[in-house]
Structure formats: structure tokens, C-alpha cells
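Residue numbers (full-length UniProt numbering), protein chains in the order written: chain V, 1 to 227; chain R, 1 to 227.
What follows is a set of notes on a single structure, which appears directly below.
Number of protein chains: 2
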Amino acid sequence: MSYRDIKADVLRRITSGQWPPGHLIPSELELCDEYGSARATVNRALRELADEGVLDRKRKSGTRVRAVPLRQARFDIPLTRLEVEGNGASYRYALVKRAVEPAPDWLRARMGLQAGAQVVQLTCMHFADGTPFQHEARWINLEALPQAREQRFEEVGPNEWLVETVPFSDVEIGFSAVSASKELAGFLGCQAGEALFQMERSTWFEGKAVTYVRMCFQPGYRMKTSY
Amino acid sequence: MSYRDIKADVLRRITSGQWPPGHLIPSELELCDEYGSARATVNRALRELADEGVLDRKRKSGTRVRAVPLRQARFDIPLTRLEVEGNGASYRYALVKRAVEPAPDWLRARMGLQAGAQVVQLTCMHFADGTPFQHEARWINLEALPQAREQRFEEVGPNEWLVETVPFSDVEIGFSAVSASKELAGFLGCQAGEALFQMERSTWFEGKAVTYVRMCFQPGYRMKTSY
């Protein structure tokens, strides 16, 4: 491993909380062993991290993690209905499309599904006071949730149904910005190419992928928190 | 207050944690008094919230908050340098512009500054393996932090300096998507109009606004977390 890989790995252990502030990290020799690297390589990684204020090296008492200026932000992610109503607006849900189909390759890769796996694909819209608020594209793994095949999702959106159906365990969330495609722009009533805030969420239950959803918000949407 | 305003207010109390799941909320009569609304209005708000599964109304034991499917996501927000290095890339910082100037009106409004208040305005770039990673536009309130006037910010970026200087207390964070302006596109090496993920952060210390920063990331950037 290069000194840069070692640096990255040490940083990951620190930022993940595996090595909290004050933690005494393994000795240089132990790290050489673990990373299979020369002492000079490990030394360079640790020296740079010390120079950058991440590690505190003391000749006699070893190397400790300094209080790293890492901030944690917590975001409350309510159901879309509650978010809209919490803003004092009226909420409306509409199902645009529902289909049972073989999972496309990109989805199989993302959810870890076998060839031929079937999913329910849903496209939904959420409105606030009659104005497009959020476009939802969702896939539900029928192997994990066969009862989704019977659901029509016409009255109640998949998010609310899933919350009641699956006491879900593991969630991965991603925030990003996307350019509105023509189709998305049509749904959201904006220009193609406009910048949209996107939230993606993947959910697993007992090791099985349950659902993947991509939510795009109206232009100008801002997700806020304070701490 | 309309029934919709009351609904929104009750939801805010629930999603803010003021009324946690299981909490016994005030009686209809008490809420009429508090909101200055007719009983029918309060009743409609509570009935809809019960229909939507947010409240649980029992004739004898009163109305309680049901376990609302609210999810909390926690994001680790490390220093940009640590984020870049944590990805195994080399980090470089560059100061683009530094100026001491009167706070523009929009900033005075946002930070609550008086007319004539002076700020340090900084434009900085952060690179990962030589590629533009993040554009930072920052304003520091000189009334709160007069020592920023002496700082050149040529070697160490303002974020790292601030973290060491201000044991900051209150932070407000916002995530959104913006279209790259021509200027931003030039800095980030992308096309004008491309969708960029933006993080804004306002910091107060002992009630005084310290700094406001707007960070725009390279196209395709994705902020991830799992829980």
C-alpha cells in the first residue's frame, strides 16, 4: 500500500468513529505488518497526518487521535406527505405508472439481484397546494416483498405502504444534484436542464434489498437542518 | 387559525420532537384556547391527523402521538481536506480572492448585521488530485471575529482557521442544487448550467453571526450516509 492509501485508511477509521478522539492507534511496526508496507511508508503517512493536526504523536506514549473537527449534521426525513403538510400546504399524491418487470441491469447491480429478478416499478408525483413538489421513481424487489404484487398504490403511495409493511433495517441515503431531463421537467413543471435536488434511498431488510427510490424535488428546494 | 395551520403546527411539534411518540397532547378545548380557533376547526385538524395515522384518538384516555415514521439521517461533514484525503486523493487548497468590504444587503439580512458592517470575503478552491473538487465562497463577520482582518488565508483555508479559532456553537446547514454560473463553471471546469450540489452553512457564536459559506461541488458529487 502507498503512503496515500494508508493515510486514507487511517482517516476512514477516524471519521467512521472506529478510532475516536483520544484513541491510541497501533504502533508503526504493527501498522507495517497490517498494511504490508515498509516502515518509511507508514511513517510518512503518520507524519503527514500529525502535521495536519489529525494525529498527536508522542515519543513515549504513542500516537493518539486528536479531536478532529468533524461535524455531524442530522436531517429529519419525514414522509413527503408530512413534510408538505408541515409547511402548511395541502398534500396530494398521484400514481403515474405501475409495472411489474424484470429488474434492469443497473438496478440488479445496485440491489444485488439475480438475473430475471422481478420488480414493481412505480412512478409517482407528490403535490403541495396543487404544485408539483416531488417526483418519485421507485423499484420494489418482489423476491423480498411478494405482497407488493397485489398492491395498486393508487390511493396510498409506496413510501407509506413500505413504512407500514417493512420494519426496515438498513438504509443508504445519497444527496446530489441532477439536471432535469425533459420527462422530469414535464412532471415538475420546470425547464429541461434545470438543477434539481435529488435524494436516493436504498433499503435492505435482513440482508435482502427491499427497495430503491430516487426522489427529485421542485427547483429551489432546500433541505435544512441546524445543530 | 385555519384547520390547516393548526395541522401544520401540530405536525411541527411532533417532527421537532417537542411531542414525542406516545405523548398525550392537550385536549381539544385547550387547543381551541391556545390557537384561538373554534372547536370544529381544531376537531377537523385532529381528525385528519388521526385519519393519516399521526395521532391516536381514544375517547377516554385522550389523544396521543403515534409512532410517526420519521427517519433521521446523520451526515458526517469533515473538513474538505479530510474528505479529499479520505478518498485517497491528494488535497490542494488555493485562495482565489480576499477582500475586506461592507456586507452586501442580502448578507446583512441573512446574518443580521447592521448597516456598514464589514466582512472578509473569500473565494477559495479545493482540489483533489489536481482536479477541481469544491468552490467555496465565504464571508466572515469582522465585528464577531476582528482577528480575521489580519489573516491572509493563503496557506490555510478559512474553514480550518475558523475551526481552530471559534469554538462555534450554532450551525444552520442547507443542501440544495444550483445551476453552474459561467464563473462557477470556470472554476470547476464544467459547463455553465450544469447541476451542482451546494452546501450552505451559517455559524453563530454567542448569538453573533460569525460566518456564512456556500460550497459548490464538482458535477456528479454525491453525499452519502447509511443508518
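All C-beta atoms, glycine included, are put in the ideal place defined by N, C-alpha and C.
A quick note: this is a predicted structure, and the numbers were derived from the prediction, not measured.
> Going along chain V in order, which residues have a C-beta closer than 9 Å to the C-beta of R/Leu74?
Replying inline: The residue given as residue 74 of chain R occupies position 74 in the second sequence. Sequence inspection shows Arg at residue 74 of chain R; the Leu mentioned does not correspond to that position. Correct list: Gln72, Ala73, Arg74 and Phe75.
> How is the beta strand (DSSP E) around V/Tyr221 delimited, first residue to last?
Replying inline: By 1-based counting over the first sequence, the position of residue 221 of chain V is 221. It is not in any beta strand (DSSP E) - V/Tyr221 carries neither H nor E in the DSSP assignment.
> Out of curiosity, what's the CA-to-CA distance linking R/Phe175 and V/Trp106?
Replying inline: To locate residue 175 of chain R, count along the second sequence from 1; it is residue 175. To locate residue 106 of chain V, count along the first sequence from 1; it is residue 106. Cα atoms of R/Phe175 and V/Trp106: separation of roughly 27 Å, rounded to the nearest angstrom.
>> Comparing C-alpha positions only, which one of R/Cys190, R/Lys182 and R/Ile173 sits nearest to R/Met215?
In response: Here residue 215 of chain R corresponds to residue number 215 of the second sequence, with the count starting at 1. Of the listed residues, the one whose Cα sits closest to R/Met215 is R/Ile173.
> Just checking, does the segment 134 to 152 of chain R make contact with the segment 109 to 121 of chain R on the three C-beta pairs under 8 Å criterion?
Replying inline: yes
>> Out of V/Pro104, V/Arg66 and V/Phe127, which one is the CA nearest neighbour of V/Glu83?
In response: Position 83 of the first sequence holds residue 83 of chain V. Among V/Pro104, V/Arg66 and V/Phe127, the Cα nearest to that of V/Glu83 belongs to V/Phe127.
> Per DSSP, V/Cys124 forms a beta bridge with which residues?
Replying inline: Here residue 124 of chain V corresponds to residue number 124 of the first sequence, with the count starting at 1. The partner list for V/Cys124 (beta bridge, DSSP) reads V/Leu95 and V/Glu136.
>> Looking at chain V, is there any beta carbon in it that lies within less than 9 Å of the beta carbon of R/Tyr221?
In response: As a first step, residue 221 of chain R is located in the second sequence; it is residue number 221 there, counting from the start. The beta carbon of R/Tyr221 falls within 9 Å of a beta carbon belonging to chain V, placing the residue at that interface.
> Mind checking V/Ala209: buried by the 16 CB within 10 Å criterion, or exposed?
Replying inline: In the first sequence, residue 209 of chain V corresponds to position 209, counting from 1. Buried: at least 16 other Cβ atoms inside 10 Å.
>> Using C-beta distances below 6 Å, list every residue in its chain close to V/Arg138, excluding the 5 sequence neighbours before and after it, in chain order.
In response: Within the first sequence, numbered from 1, the residue matching residue 138 of chain V stands at position 138. Closer than 6 Å at the Cβ level, and outside the excluded window around V/Arg138, lie Leu122, Pro158 and Val213.
> What residue does the alpha helix (DSSP H) around residue 236 of chain V start on, and which one ends it?
Replying inline: Summary: the structure shown does not reach residue 236 of chain V, with chain V confined to residues 1 through 227, and so no result is reported for it.
> Going along the chain, which unbroken runs of the alpha helix (DSSP H) with 4 or more residues stay wholly within the segment 162 to 207 of chain V?
Replying inline: 182 to 188
> What does a CB cutoff of less than 8 Å around R/Pro102 pick up in its chain, not counting 5 residues either side in sequence?
Replying inline: Looking up residue 102 of chain R in the second sequence gives position 102. Here the set comprises Gly116, Ala117, Gln118 and Val119.
> Using a C-beta cutoff of 9 Å, does R/Thr225 count as contacting chain V?
Replying inline: The residue you call residue 225 of chain R lines up with position 225 of the second sequence. It does: the Cβ of R/Thr225 has a partner Cβ on chain V nearer than 9 Å.
>> Considering just the uninterrupted stretch of the beta strand (DSSP E) at R/Gly62, what are its terminal residues?
In response: Here residue 62 of chain R is taken as the residue at index 62 of the second sequence, counted from 1. Going by DSSP, R/Gly62 is part of the beta strand (DSSP E) stretching over Gly62 to Val65.
> Where in the UniProt domain "HTH gntR-type" (1 to 68) of chain V do unbroken runs of the alpha helix (DSSP H), each at least 4 residues long, occur, reported from the N-terminal end onward?
Replying inline: Unbroken alpha helix (DSSP H) stretches of 4 residues or longer found wholly inside the UniProt domain "HTH gntR-type" (1 to 68) of chain V: 3 to 15, 28 to 35 and 39 to 51, given in chain order.
> If you measure from the beta carbon of V/Gln198 to each beta carbon in chain R, is any gap under 9 Å?
Replying inline: As a first step, residue 198 of chain V must be located in the first sequence, where it is residue number 198. Against chain R, the CB of V/Gln198 has a partner CB under 9 Å away; the residue lies at that interface.
>> Let me see if you follow: with CB-CB separation under 9 Å, is R/Val178 close to chain V or not?
In response: If you number the second sequence from 1, residue 178 of chain R lands on position 178. At least one chain V Cβ lies under 9 Å of R/Val178.
> Ends of the alpha helix (DSSP H) at R/Gly86?
Replying inline: Start at 1 with the first residue of the second sequence, and residue 86 of chain R comes out as number 86. Residues Thr80 to Gly86.
> So, are the CB atoms of R/Met199 and R/Phe217 less than 9 Å apart?
Replying inline: Numbered from its first residue, the second sequence carries residue 199 of chain R at position 199. Numbered from its first residue, the second sequence carries residue 217 of chain R at position 217. Contact flag set, yes.
>> Quick check on the burial criterion: 16 or more other C-beta atoms within 10 angstroms. Buried or exposed for R/Gly17?
In response: Taking the first residue of the second sequence as 1, we reach residue 17 of chain R at position 17. With fewer than 16 Cβ atoms within 10 Å of its Cβ, R/Gly17 is classed as exposed.
> Can you round the beta-carbon distance between V/Glu30 and V/Asn43 to whole angstroms, since I take them to be within the 8 Å contact cut?
Replying inline: If you number the first sequence from 1, residue 30 of chain V lands on position 30. If you number the first sequence from 1, residue 43 of chain V lands on position 43. About 13 Å separates the Cβ atoms of V/Glu30 and V/Asn43, ruling out a contact at the 8 Å cut-off.
> For V/Ala209, which beta-bridge partners are listed by DSSP?
Replying inline: Here residue 209 of chain V corresponds to residue number 209 of the first sequence, with the count starting at 1. Partner(s): V/Trp204.
> R/Cys190 to R/Arg110, Cα distance in whole Å?
Replying inline: Along the second sequence, one-based indexing puts residue 190 of chain R at 190. Along the second sequence, one-based indexing puts residue 110 of chain R at 110. Cα to Cα, R/Cys190 sits roughly 29 Å from R/Arg110.
>> Looking at the strands, I want to know which residues DSSP matches up with R/Ser90.
In response: Translated into positions along the second sequence, residue 90 of chain R becomes position 90. Looking at the DSSP assignment, R/Ser90 forms no beta bridge with any residue, so it has no partner.
> Where do the ends of the alpha helix (DSSP H) carrying R/Asp129 lie?
Replying inline: Here residue 129 of chain R refers to the residue found at position 129 when the second sequence is read from its first residue. Careful: R/Asp129 lies outside any alpha helix (DSSP H) and carries neither H nor E.
>> With a threshold of 6 Å on Cβ separation, who are the neighbours of V/Ile77 within its own chain once the five nearest residues in sequence on each side are excluded?
In response: Residue 77 of chain V sits at position 77 when you count from the first residue of the first sequence. Taken in chain order, the list of residues that qualify is empty.
> Opposite R/Pro102 in the DSSP bridges: which residues?
Replying inline: Reading the second sequence from its first residue, position 102 is the one you call residue 102 of chain R. Answer is R/Gln118, bridged to R/Pro102.
> With which residues is residue 256 of chain V paired in a DSSP beta bridge?
Replying inline: Because residue 256 of chain V is not part of the residues shown, which for chain V are 1 to 227, the question remains open.
>> Cutting at 7 Å between CB atoms, please list the residues of its own chain near residue 237 of chain R, excluding the five before and the five after it.
In response: Look at the range of chain R in this structure, 1 to 227, and you will see that residue 237 of chain R is not part of it.
> Tell me the DSSP bridge mates of R/Arg214?
Replying inline: Residue numbering aside, residue 214 of chain R sits at position 214 when the second sequence is read from its first letter. Looking at the DSSP assignment, R/Arg214 forms a beta bridge with R/Ala137 and R/Glu200.
> For residue 249 of chain R, which option in R/Phe75, R/Glu154, R/Met1 and R/Glu85 has the closest C-alpha, if you only look at C-alpha atoms?
Replying inline: No statement about residue 249 of chain R is possible, as the shown extent of chain R runs from 1 to 227 and does not include it.
> Beta-carbon of V/Ile173 versus every beta-carbon of chain R: anything under 9 Å?
Replying inline: Sequence index remark: in the first sequence, residue 173 of chain V carries index 173 (1-based). It does: the Cβ of V/Ile173 has a partner Cβ on chain R nearer than 9 Å.
> Closer than 7 Å, Cβ to any Cβ of chain V: which residues of the segment 1 to 25 of chain R, in chain order?
Replying inline: If you check each beta-carbon in the segment 1 to 25 of chain R against every beta-carbon of chain V, the ones closer than 7 Å belong to Arg4, Asp5, Lys7, Ala8, Leu11, Arg12 and Thr15.
>> Would V/Arg64 and V/Lys58 qualify as a contact pair, given that the criterion is a beta-carbon distance under 9 Å?
In response: As a working mapping, residue 64 of chain V is identified with position 64 in the first sequence. As a working mapping, residue 58 of chain V is identified with position 58 in the first sequence. For V/Arg64 and V/Lys58, yes; Cβs fall inside 9 Å.
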